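The sequence shown begins at 88 in my numbering and counts up one residue at a time. Structure first, then comments.
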Amino acid sequence: MNQPVQIAWHRRAPTRQPSAGAQELAGLLESDWQRGAAVGDVLRRILSTNDPDEVEVIRAAAERTLIDHCGDTVRLRGLIEFSNRCVLDCHYCGIRRGNRAVKRYTLTLDDVVACARWCAEKGYGSLVLQSGERRDAAFVRRVEAMIRAIKDATRSAAQPEGLGITLCVGEQAPDTYERWFSAGAHRYLLRIESSSPELFARLHPESQRYATRVACLKTLRQIGYQVGTGVMIGLPGQTVDDLVGDLLFFRDMDVDMLGMGPYIPHAQAVLPGAPPIMPADERLRLGLRMIAAARLLLRDINIAATTALQALADDGREQGLRFGANVIMPQVTPVRVRTMYTLYDGKPCLDDSAEQCAVCLEHRIASVGRRTLKNQWGDSARFGHRTAGE
Ligand code: SAM
Numbered sequence: 088m089n090q091p092v093q094i095a096w097h098r099r100a101p102t103r104q105p106s107a108g109a110q111e112l113a114g115l116l117e118s119d120w121q122r123g124a125a126v127g128d129v130l131r132r133i134l135s136t137n138d139p140d141e142v143e144v145i146r147a148a149a150e151r152t153l154i155d156h157c158g159d160t161v162r163l164r165g166l167i168e169f170s171n172r173c174v175l176d177c178h179y180c181g182i183r184r185g186n187r188a189v190k191r192y193t194l195t196l197d198d199v200v201a202c203a204r205w206c207a208e209k210g211y212g213s214l215v216l217q218s219g220e221r222r223d224a225a226f227v228r229r230v231e232a233m234i235r236a237i238k239d240a241t242r243s244a245a246q247p248e249g250l251g252i253t254l255c256v257g258e259q260a261p262d263t264y265e266r267w268f269s270a271g272a273h274r275y276l277l278r279i280e281s282s283s284p285e286l287f288a289r290l291h292p293e294s295q296r297y298a299t300r301v302a303c304l305k306t307l308r309q310i311g312y313q314v315g316t317g318v319m320i321g322l323p324g325q326t327v328d329d330l331v332g333d334l335l336f337f338r339d340m341d342v343d344m345l346g347m348g349p350y351i352p353h354a355q356a357v358l359p360g361a362p363p364i365m366p367a368d369e370r371l372r373l374g375l376r377m378i379a380a381a382r383l384l385l386r387d388i389n390i391a392a393t394t395a396l397q398a399l400a401d402d403g404r405e406q407g408l409r410f411g412a413n414v415i416m417p418q419v420t421p422v423r424v425r426t427m428y429t430l431y432d433g434k435p436c437l438d439d440s441a442e443q444c445a446v447c448l449e450h451r452i453a454s455v456g457r458r459t460l461k462n463q464w465g466d467s468a469r470f471g472h473r474t475a476g477e
């Protein structure tokens with residue numbers, strides 16, 4: 088386990104006594120509630136409170152847990168959105184197949200390798216290859232070639248194994264997952280989107296099955312990937328109990344990583360907000376409390392402060408770090424195609440170059456008293472503990 092590190096704003100003297108509820112909650116969070124029968128009640132309380140003192144107790148406890156179990160470093164994964172071609176029609180998504188208004192693109196292998204080299208030179212340590220979903224043979228070959236080329240191009244004295252590669256390219260056949268793992272990818276992010284089968288069914292066309300996604304997550308684990316999942320928060324019709332169910336799903340699947348963020352409507356999606364969704368500031372606050380709840384429940388996993396947080400508040404990702412996240416995925420997709428990968432309206436960082444994003448991010452991370460991990464994969468501590476049999 089890493090040594091606890093003091094963070095500057097921990098030391099701020101409280102100006103007044105916290106509310107009685109906050110004091111009682113602080114005691115509860117210091118107990119072994121994760122193992123008790125009332126775990127669902129505690130999670131519900133974390134997600135439901137709007138009392139500022141209680142929220143601060145939750146935030147501070149989540150941050151302490153992060154520092155104790157994962158250290159104080161923020162792990163960077165350069166995000167390459169290499170294609171917006173998609174065969175699926177997820178109701179919430181701006182690049183779904185049915186959106187004829189989107190101009191489609193696929194980056195060349197050279198483009199992708201150039202982005203990867205840039206990440207390696209910056210010391211990012213890892214990258215994420217994300218795209219719309221395809222399962223044809225040409226796509227499978229292209230991703231495999233990208234993985235091999237990135238590994239070849241990024242081996243160096245600083246990173247002898249080359250950049251760590253996380254894939255986020257959806258549901259695939261087991262042999263495809265195997266092929267990509269053999270080529271050198273070692274993490275896979277596949278969001279369940281909602282662990283409620285009913286809500287999942289409302290978010291997707293009939294042909295997309297909840298059971299298939301769960302089966303994919305299990306296959307990825309069997310193959311040896313570090314497995315990440317996640318959900319959207321503040322979806323139309325989603326309840327606090329659904330979110331509690333999501334957190335227990337993450338626990339039961341024993342995930343290594345989480346990428347969760349607020350749901351943000353897209354004008355050309357078929358799920359813009361009916362039934363009405365909660366206001367943006369509430370979705371942001373709920374998103375932050377979900378990060379804190381996941382950190383408190385699962386402790387040693389990697390959790391991303393996602394771009395969707397920043398879409399709702401300029402400092403959304405920094406807030407995510409303060410609530411227990413330890414991964415950030417800076418944009419490295421070439422600017423010329425970025426607007427074509429608009430999953431939701433108001434996506435940030437569409438015009439900033441990768442260089443500008445890097446500088447901006449250093450400041451943002453330092454502003455919350457954290458530092459970036461350089462030239463390392465920054466794997467999930469949970470994965471290390473599980474494979475060591477702990
Ligand atoms: N197709 C792959 C998959 O499903 O894993 C990867 C790409 S997909 C576009 C990446 C993620 O974007 C999805 O898992 C989803 O949670 C998120 N996303 C799509 N539309 C969104 C929206 N309107 N608001 C918030 N997140 C959204």
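Just so you know, even glycine gets a beta-carbon here, dropped at the ideal spot from N, CA and C. Predicted, not measured: the structure shown is a model, and the values here were computed from it.
In the structure shown, proline 352 adopts coil according to DSSP, grouped into three states. Check the Cα spacing between alanine 225 and each of Ala244, Ser135, Ile237, Thr193: the tightest is with Thr193. Counting C-beta pairs with one atom in each stretch, the stretch 463-475 and the stretch 446-454 have fewer than three that are closer than 8 Å, which means they do not touch. Assignment of beta strand (DSSP E) within the stretch 227-289, counting only whole runs of 3 or more residues, yields 251-255, 274-276 in chain order. Between the stretch 184-192 and the stretch 403-415 there are fewer than three inter-stretch CB-CB distances shorter than 8 Å, so the stretches are not counted as touching.
Boundaries of the beta strand (DSSP E) harbouring valine 314: 313-316, taken from the DSSP string. Using a cutoff of 7 Å, the CB of valine 256 counts as near the ligand SAM, since one of the ligand's heavy atoms is closer than that.
In this structure, tyrosine 211 lies away from histidine 273, with their beta-carbon atoms at least 8 Å apart. Comparing C-alpha distances from tyrosine 350 to each of Arg122, Met377, Gln217 shows the shortest one belongs to Met377. In the DSSP assignment, threonine 160 falls within the unbroken beta strand (DSSP E) covering 160-170. Where valine 327 is concerned, the enclosing alpha helix (DSSP H) starts and stops at 327-340. In the DSSP assignment, leucine 385 falls within the alpha helix (DSSP H) that extends over 367-385. Beta-bridge annotation (DSSP): glycine 108 is not paired with any residue.
In the displayed model, leucine 216 falls within a strand according to three-state DSSP. No residue range can be given for alanine 412, since it is assigned to no alpha helix (DSSP H) and is classified by DSSP as neither H nor E. In this chain, the beta strand (DSSP E) harbouring isoleucine 390 covers 389-392. The Cβ atoms of glycine 251 and tryptophan 120 do not sit closer than 8 Å to each other. Linking cysteine 303 to aspartate 262 through their CA atoms gives a straight-line distance of about 11 Å. Taking a cut-off of 8 Å for Cβ pairs, the stretch 157-173 and the stretch 286-302 do not touch, as fewer than three such pairs fall below it. A contact is defined here as three or more CB-CB pairs under 8 Å, and the stretch 142-157 fails this definition with respect to the stretch 304-324. Taking 7 Å as the cut-off, the C-beta of alanine 395 counts as close to a heavy atom of the ligand SAM. Isoleucine 145 carries a helical assignment under DSSP once its states are collapsed to helix, strand and coil. For aspartate 197, the enclosing alpha helix (DSSP H) covers residues 196-209. Using a 10 angstroms sphere on the CB of proline 417, the tally of other CB atoms reaches 16 or more, which defines it as buried. Arginine 404 sits buried, since 16 or more C-beta atoms from the chains shown fall within 10 Å of its C-beta.
Just so you know, the alpha carbons of arginine 204 and aspartate 197 end up roughly 10 Å apart. The stretch 324-339 makes no contact with the stretch 208-222, as fewer than three CB pairs between them are under 8 Å.
Cβ-Cβ distances below 6 Å link leucine 437 to Arg425, Thr426 in the same chain, with the five nearest sequence neighbours on each side left out; the list follows chain order. Selection Asp432, Val414, Gln217 evaluated against alanine 367 yields Asp432 as nearest (Cα-Cα). With 16 or more other Cβ atoms from the protein chains shown falling within 10 Å of its own Cβ, cysteine 157 counts as buried. In the three-state scheme derived from DSSP, where H, G and I count as helix and E and B as strand, isoleucine 182 is classed as coil. In this structure, glycine 374 keeps its C-beta atom at 8 Å or more from the C-beta atom of leucine 345.
In this structure, the alpha-carbon of alanine 445 lies about 44 Å from that of alanine 124. Put simply, the backbone Cα of alanine 236 is about 21 Å away from that of glutamate 220.
With a threshold of 7 Å, the Cβ atom of glutamine 217 counts as near the ligand SAM, since some heavy atom of the ligand is closer than that.
Taking 7 Å as the cut-off, one finds at least one heavy atom of the ligand SAM near enough to the beta carbon of glycine 181.
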